[in-house]
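Counting from 1, position 121 in the sequence shown corresponds to residue 120 in numbering that gives the first Met the number 0; the numbering is continuous, with no gaps. No residue lacks a Cβ here, since even glycine has one placed at the ideal position from N, Cα and C. Below you'll find the structure, written out as structure tokens, and then a few comments.
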Amino acid sequence: MRKSINRAFKFRLLPTPSQLELLTKYAGCCRYVYNWALTYWLTNYNKGDDPTVYDLIKKLPTLKNDEDRRWLQDCPAQSLQQAIVDLGTALDGWRRLRKRPKYRKKNWNDSFRLAQYFKLNEESSELVVPKLGAVKYIRDRRINGVPRSLTIVKEGDLWFVSVLCELNLECVQHTSSGIIGIDVGVANMATTWDGEKAQFHQHQPSLSTANEKVRKYHRQLSRKIKGSRNRDKVRSKLSKAYRRVTRIRKDTLHKLSRKLVTENAVIALEALSPKQMSAKGGPHKRGLNRSIMNQGWSELVRMIGYKSVETGSVLVLVDPKYTSQTCPKCQHCEKTNRKSQSVFICNRCGFNAHADIVAAMNIRARVKPEAWTL
Ligand SMILES: [Zn+2]
0 MRKSINRAFK FRLLPTPSQL ELLTKYAGCC RYVYNWALTY WLTNYNKGDD
50 PTVYDLIKKL PTLKNDEDRR WLQDCPAQSL QQAIVDLGTA LDGWRRLRKR
100 PKYRKKNWND SFRLAQYFKL NEESSELVVP KLGAVKYIRD RRINGVPRSL
150 TIVKEGDLWF VSVLCELNLE CVQHTSSGII GIDVGVANMA TTWDGEKAQF
200 HQHQPSLSTA NEKVRKYHRQ LSRKIKGSRN RDKVRSKLSK AYRRVTRIRK
250 DTLHKLSRKL VTENAVIALE ALSPKQMSAK GGPHKRGLNR SIMNQGWSEL
300 VRMIGYKSVE TGSVLVLVDP KYTSQTCPKC QHCEKTNRKS QSVFICNRCG
350 FNAHADIVAA MNIRARVKPE AWTL
């Protein structure tokens, strides 16, 4: 049996000065169209209408022929359409998660996408894009699979391309029969239980230093005058600091997910729906911590998802109800079993362990036997 998966490969672009100008221009056009479509949609939505992505795309030619918006014609047409498709995705998110789409901002959301008519020339390390020509990139690895679409994005002062490839892999049987349960949390980034051994996994210490820098530049930015040269400088530093935070977090999660799929045939995590995500941990985990935890959970699920195909692991998402209140020994479930953030003592049988380990034990126990018979 074969399985088709998507995988992204990211490379740094090395545009010439004239290409740089075009990249900025295209990103600007796409941002403009995105924001225009959002305004259009909101206006109509407030009147009781709900224009579809297709309705919005149909408006594009008129928009581009408008006397004041002729400059939109310089941008690849498919990228403008993609911007509207992206808005469609954001609107779906709004319907499902009540997450209101935001307007895209210059210098923060500079990106555009291409779904066709591009070519990745690995031999010459060049990306060939309509209207832009051949852009050199740093080929630090080779891609796998067939390139399906591109996202070109500005991060800080640098431009990157993310190439989404479709891979067709032969399904393999995992060499081990291990089952592991993982609880994703705040104090412990991840806690695992494999039936014998519990383990806490943390983010790298450098993450808190990097986070500290982000906070520092945020404070500095708020004090700078809008439009000033100094504000630009701080903003550039801030986006660099953000990039570093993302890199450190992802690095840890990549290593953990790789280890998990190599060592275990079945990997179990809680199936967190958006509602449960906000409920997990209670009010003391609100705000930044919670959003970091949720991000960690979704990224881990995503990474295990695609890496598991290579090793033959199976990712199982189990019912998250009461995982931190149920006794793994006698199954007694009571809120007060959990004495504090970290202490679990069963009111009935006295079983005690770190609360995160208890959660990982329950998550592992909820894997049904049919899960690992492919
Ligand atoms: Zn008990």
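Checking the 7 Å criterion, the Cβ of K328 is within range of a heavy atom belonging to ligand 1. Straight-line spacing of the CA atoms in L71 and K9 works out to 27 Å. A heavy atom of ligand 1 is found nearer than 7 Å to the CB of C345. Listed in chain order, the non-local C-beta contacts of L86 below 8 Å within the same chain comprise Y33, A36, L37, W40, V52, L55, P100, local neighbours out to five positions each way being set aside. Close CB contacts of M0 within its chain, under the 7 Å cut and outside five residues either way in sequence, are with C170 (chain order).
DSSP places G132 in the uninterrupted beta strand (DSSP E) bounded by 132-136.
Short note on C348: C-beta closer than 7 Å to some heavy atom of ligand 1. In the DSSP annotation of this structure, the continuous segment of the beta strand (DSSP E) that includes E125 starts and ends at 125-128. Here A359 is near T190, since their CB atoms are less than 8 Å apart.
Judged by the Cβ position, H331 qualifies as a neighbour of ligand 1 at the 7 Å threshold, a heavy atom of the ligand being closer than this. The three-state secondary structure of V32, taken from DSSP, is helix. A Cβ-Cβ contact shorter than 8 Å links V313 with V265.
When secondary structure is reduced to three states using DSSP, H353 falls in the strand class. Straight through space, the alpha carbons of T335 and V183 are spaced by roughly 21 Å. Around the Cβ of Q115, a 10 Å sphere holds fewer than 16 other Cβ atoms; the residue is exposed. In this structure, L131 and Q18 form a Cβ contact; the two beta carbons are roughly 6 Å apart against a cut-off of 8 Å.
A straight line joining the alpha-carbon of N106 with that of T150 spans about 16 Å. Taking one beta carbon from each stretch, the stretch 135-150 and the stretch 316-324 have fewer than 3 pairs nearer than 8 Å; the two do not touch.
Of the other Cβ atoms in all chains shown, fewer than 16 fall within 10 Å of the Cβ of Y102; this residue is therefore exposed. When secondary structure is reduced to three states using DSSP, S227 falls in the coil class, being assigned neither helix nor strand. The DSSP-derived three-state label of G180 is strand.
Straight across, the Cα-Cα distance linking N108 with L237 is about 14 Å.
A direct Cα-Cα distance of roughly 38 Å separates W158 from D48. Between R95 and S175, the alpha-carbon positions lie close to 38 Å from each other. For K9, the secondary structure class from DSSP, reduced to helix, strand or coil, is strand. For the set L13, A209, C326, D65, the Cα lying nearest the Cα of R248 is the one of A209. Residue pairing from DSSP places I344 in a beta bridge opposite N351. Looking at the DSSP output, L149 sits in a beta bridge with L113, V162. Secondary structure at V308: helix, using DSSP grouped into helix, strand and coil. K57 and Y25 have their C-alpha atoms spaced approximately 20 Å apart. Residue nearest to S123 within the set P129, F117, Y136 is Y136 (criterion: CA-CA distance). For H217, there is no enclosing beta strand (DSSP E); the enclosing alpha helix (DSSP H) has its first and last residue at 205-222.
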